[in-house]
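Numbering-wise (our numbering), the sequence shown opens with residue 46 and increments by one. Just so you know, even glycine gets a beta-carbon here, dropped at the ideal spot from N, CA and C. Since the structure comes first, as structure tokens, the remarks are kept for the end.
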Amino acid sequence: MKITIVGSGTCVPSLKRSSCSVLIEVANERLLFDTGPGTLRRLLELEVDFSRIPYIFFSHLHTDHTGELCSFLFAMKNPETYRRTEGLRVVAAQGFLNFYERLKDVYGEWIELGPDLIEIIELYNNRADHRDFGTFRVDTLPVVHTTESIAYRITSRDGKSVVYSGDTDFCDNLVTLSEDADLLICESSLPDEIKVPGHMTPSLAGLTAEKAGAKRLILTHLYPECESVDIAEQCGKTYTGDLMIAEDSLKVSI
46 MKITIVGSGT
56 CVPSLKRSSC
66 SVLIEVANER
76 LLFDTGPGTL
86 RRLLELEVDF
96 SRIPYIFFSH
106 LHTDHTGELC
116 SFLFAMKNPE
126 TYRRTEGLRV
136 VAAQGFLNFY
146 ERLKDVYGEW
156 IELGPDLIEI
166 IELYNNRADH
176 RDFGTFRVDT
186 LPVVHTTESI
196 AYRITSRDGK
206 SVVYSGDTDF
216 CDNLVTLSED
226 ADLLICESSL
236 PDEIKVPGHM
246 TPSLAGLTAE
256 KAGAKRLILT
266 HLYPECESVD
276 IAEQCGKTYT
286 GDLMIAEDSL
296 KVSI
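What follows is the structure, encoded as structure tokens:
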């Protein structure tokens, strides 16, 4: 499995960090998690053809995670020479279909791919859920942020696993989902001394990974306040495993 941190930032504009997005490549499939502002540009820099991505997963509906969905859909059909011909599966928690319908109320046919090209799969937002896509399996659990917030665990056929937290406060569900994961990509929005509800700090992200026995941890979703603090040191107080601080275009393999 190959993992690329497409965007490691938040809703706060940054020249260094685009908003949240993660690309996971498993068995020649490309899975994109969240499409925050800046995602399309970063994919272009990474030489990834956005029109050939067959899966987009959303952790929740905040605009720093969904902001470029309409841009994706619009660019997939306009102009006609760029029109998408391969199916797209969009996976998210319950409530996404209504969100998509409201977007279509605003943008109309500009973002409507048609039922033959787009399939929306809604997962439970109040209990565990899973889907088997053949070359990989997806397991989810709700996390503590918004009513539609879920975290994802992707498991390849050879047993390798990556967990993406999305946005969340510390919670047992994320610990459970991350148990013995090869990699946990975990939000760590602000330094320990600036804890806010619905988000984690480096030490809480570290505690999650430590309790779960995750082999590696990447801290992401970093507000500018994290740049002036040694968040690796803060995380190291609770996590003894392999730690990385996310940057846009960071690549790792498991």
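- Closest option to tyrosine 152, judged by alpha-carbon separation, among Phe178, Pro242, Phe119, Asp109: Phe119.
- Secondary structure remark: continuous alpha helix (DSSP H) runs of at least 4 residues inside the region 240 to 277, in chain order: 247 to 257.
- Inclusion of isoleucine 290 and leucine 249 in the CB contact set at 8 Å is not warranted, their separation being larger than that value.
- Taking the CA atoms as reference points, glycine 251 sits about 20 Å from threonine 55.
- Around the beta carbon of arginine 129, 16 or more other beta carbons lie within 10 angstroms, which makes this residue buried.
- Remark: C-beta atoms of valine 188 and serine 210 approach each other more closely than 8 Å.
- Per the C-alpha coordinates, the member of Val241, Ser116, Gly204 positioned closest to aspartate 214 is Val241.
- Cβ-Cβ distances below 8 Å link proline 236 to Thr246, Pro247, Glu270, Cys271, Val274, Ile276, Gln279 in the same chain, with the five nearest sequence neighbours on each side left out; the list follows chain order.
- By the neighbour-count criterion, in which 16 or more other beta carbons inside 10 Å mark a residue as buried, histidine 175 falls on the exposed side.
- Within the DSSP bridge table, the entry for histidine 175 names Asp184 as partners.
- In this structure, the alpha-carbon of alanine 196 lies about 13 Å from that of glutamate 224.
- In this structure, Ile165 is the residue among Ile165, Gly159, Tyr127, Gly132 with its C-alpha nearest to the C-alpha of phenylalanine 141.
- The three-state reading of DSSP puts phenylalanine 119 in helix, counting H, G and I together.
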